[in-house]
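Here is the structure we will look at.
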Amino acid sequence: MSLFLLITLSPPMAKADNPIVQTIYTADPAPLVHNGRLYLYTGHDEDGSTYFTMRDWRVYSSTDMANWTDHGSPMSLATFAWADANAWAGHVAYRNGKFYWYVPVRNRSTGGMAIGVAVGDSPTGPFRDALGRPLAENNEIDPNVLIDDTGQAYLYWGNPRLAYVRLNSDMISYSGGITYIPLTSAGFGARSGNPSRPTLYEEGPWIFKRNGLYYNVFAAECCSEFIAYSTAPTAIGPWTYRGTIMPRQGSSFTNHAGIIDYAGGSYFFYHNGALPNGGGYTRSVAVEKFTYNADGTIPTINMTTAGPPQVGTLDPFVRQEAETIAWSSGVETEASGEGGMNVGFIQNGDYIKVKGVAFGNGATSFTARVASGTSGGRIELRLGSATGTLVGTCTVNGTGGWQNWATVTCPVSGATGTRDLYLRFAGGSGYLLNLNWWQFTPYGNSGGSLLTNASFSVETASGTDDLYIDDASFQ
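Structure, rendered in structure tokens:
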């Protein structure tokens, strides 16, 4: 609980949007865009870690780069019966209508690191071991996949070496042997004072293609690491070193990058130690927006607490999951008995920030799905900050259990325009309530008005289909 209590006791951080997850420590970001949504796959540093103590992987997603939905943990070490430790940095690729998650784990039989692959039918899982054994016994880490324009897929990895295999179209086998990429100073920069590692390349390759050019973004020269990159005319080289992207920053002696284009922008994901008690073993994922230079080179990118600008707005008049969060203080997330995740372990003064909520002409009420194993508490609806304008308060009574769910509704007044919404929780001591989802009712939607000054003509309406009504409320 130390992470969550310290966030609660650190008011200045409430204005930040980076790191993007505050409920747990996250590391090693791997973004993927699918069907117009950005999914982010991460590792999970356990609280109080003094080593890379990691037992599961996590998934988050966003459509606006500001509010992130927590999808929980669809995969853990237990997914791989042959593995017993080290749920470290992985990568997800989409092909054949399925999602393939490549991860480095310790093989119980050999004691060495190996690459496992799990498969899922959805970007949020669940994922299952695709082979029941390692895909590659390499005693190395940090797998990364590129599916080239030709259809050939490559699985890269590397620490201390940089290697690849050619994946078959099934994505769970490969042809030929392991190819080791020559680590030359021309390709990866020169390191001094370490004869066993003469180049800057350290680990964490992130390889992608953009405008006909292949990029290899990697963690350089531990410790502490910075992020550097090389480029090549093909997926297998030859590589030319291009310089630094992100200098040494951020209270973590490691860094791990992922770069992707989404919604017309380019985004650089990384991790640092910015949360309370954060450091090299308790890291947190963050993201920055950037623009490539005209010649395709990548500019220097520095860590910020602001994060990228929001893409669009959030609609409060459709059901929103409580675990869709821009920033939070004190709360945690957990698996919900109703499916998905809920926000829980809520105490007096905790809050959730939801950024860029488009209230338009206003809202008349707020509805939430809640549960409480005690006597409950209150949900204060505030605009602009956790102590900002109060536009409504919902009282939550005890429901007889933390997963015994009920729906509550309360009136709202003064919520107009596009504002940052804070759900601030108040009440007595101890845990107050759990929150599963919420939704506002827009101004003018009374749910029972009768339209009497119009007539309708309907032709060829039969079967089952979607019905759309514009500019009318009727019964």
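Here the working numbering = 1-based position in the sequence shown + 97.
Backbone N, C-alpha and C fix where the C-beta goes; we use that ideal spot for every residue, glycine too.
task: Enumerate in chain order the residues of its own chain whose CB-to-CB distance from Trp165 is below 8 Å, with the five nearest sequence positions on each side excluded.
output: Ile117, Val118, Leu137, Tyr157, Ser158, Ser159, Thr421, Ile422 and Ala423
message: Going by DSSP, what residue range makes up the beta strand (DSSP E) through Ser282?
response: Note, Ser282: premise wrong, no beta strand (DSSP E); alpha helix (DSSP H) at Ser282 to Phe285.
Three-state class that DSSP yields for Thr486 in the structure shown: strand
message: Restricting to Cα atoms, I'd like to know which of Ala113, Gly441, Asp114 and Tyr122 is closest to Gly377.
response: Tyr122
field: Per-residue DSSP class, three states only, for Ile117
entry: coil
query: How big is the Cα-Cα spacing for Gly404 and Asn352?
result: 17 Å
query: In its own chain, which residues sit with a C-beta less than 8 Å from the C-beta of Arg152, not counting the 5 before and 5 after it?
result: His141, Glu143, Ser173, Leu174 and Ala184
Whole runs of the alpha helix (DSSP H) within the stretch 193–240, excluding any shorter than 4 residues: none
field: Pair within 8 Å by beta-carbon distance, Tyr311 and Ala283
entry: no
- request: Name, in chain order, the residues that DSSP records as bridge partners for Arg479.
  value: Leu487 and Tyr519
query: Going by Cα to Cα distance, which pick from Asn291, Phe323, Asp517 and Thr492 is closest to Thr486?
result: Asp517
query: Going by other Cβ atoms of all chains shown within 10 Å of its Cβ, with 16 needed for buried, is Glu435 buried or exposed?
result: exposed
Proximity of Glu300 and Phe315 at Cβ, strictly below 8 Å: yes
Proximal residues to Met162 (C-beta, below 6 Å), its chain only, five neighbours per side dropped: Pro405 and Val408
message: Counting C-beta neighbours from all protein chains within 10 Å, is the total for His131 16 or more, i.e. buried, or is it exposed?
response: exposed
query: Quick one: Cα of Asn115 to Cα of Trp179, how far?
result: 36 Å
message: Since Phe350 and Ser321 should fall inside the 8 Å C-beta cutoff, what is the C-beta to C-beta distance between them, to a whole number of angstroms?
response: 4 Å
message: So, at 8 Å on beta carbons, what are the nonlocal neighbours of Asn390 in its own chain, with the 5 sequence-adjacent residues on each side left out?
response: Pro396
- request: For the beta strand (DSSP E) containing Trp303, list its first residue and its last residue.
  value: Tyr298 to Arg307
- request: Identify which residue in Pro279, Glu477 and Met268 has its Cα closest to the Cα of Thr294.
  value: Looking at the sequence provided, one finds Arg at residue 294 rather than Thr. Closest by alpha carbon: Pro279.
query: Between the beta-carbon of Phe224 and the beta-carbon of Trp198, is there less than 8 Å?
result: yes
field: Secondary structure of Ala175, DSSP reduced to three states
entry: helix
Reduced DSSP category for Met162 - H, G, I as helix; E, B as strand; rest coil: coil
query: Just how far apart, CA to CA, sit Ile449 and Val493?
result: 17 Å
query: Helix, strand or coil: which one does DSSP assign to Val262?
result: strand
- prompt: Just the Cα atoms here: how many angstroms apart are Gly187 and Tyr540?
  reply: 46 Å
- prompt: Is it a yes or a no for the stretch 201–213 touching the stretch 268–277, going by three-plus beta-carbon pairs under 8 Å?
  reply: no
Whole-angstrom distance between Gly495 and Ala113, CA atom to CA atom: 33 Å
message: Looking at Gly498: is its Cβ nearer than 8 Å to the Cβ of Gly473?
response: no
field: Assigned secondary structure, Thr533 (DSSP; H/G/I helix, E/B strand, else coil)
entry: The sequence shown places Asn at residue 533, rather than the Thr named in the question. If DSSP states are grouped into helix, strand and coil, Asn533 belongs with the strands.
message: Is there a Cβ of chain D sitting closer than 8 Å to that of Tyr251, yes or no?
response: Absence of chain D from the displayed structure is noted, only one protein chain being present.
Bounding residues of the beta strand (DSSP E) (the contiguous stretch that carries Asp447): No beta strand (DSSP E) holds Asp447; DSSP gives it neither H nor E.
task: Give the DSSP-derived three-state secondary structure of Met343 in the structure shown.
output: strand
8 Å Cβ cutoff met for Val262 and Ala233: yes
message: Nearest by alpha-carbon distance to Phe414: which of Gly457, Pro292 and Gly393 is it?
response: Gly457
task: Output the residue ranges of the beta strand (DSSP E) runs that lie fully inside the stretch 378–415 and measure 3 residues or longer, sorted by chain position.
output: 381–387
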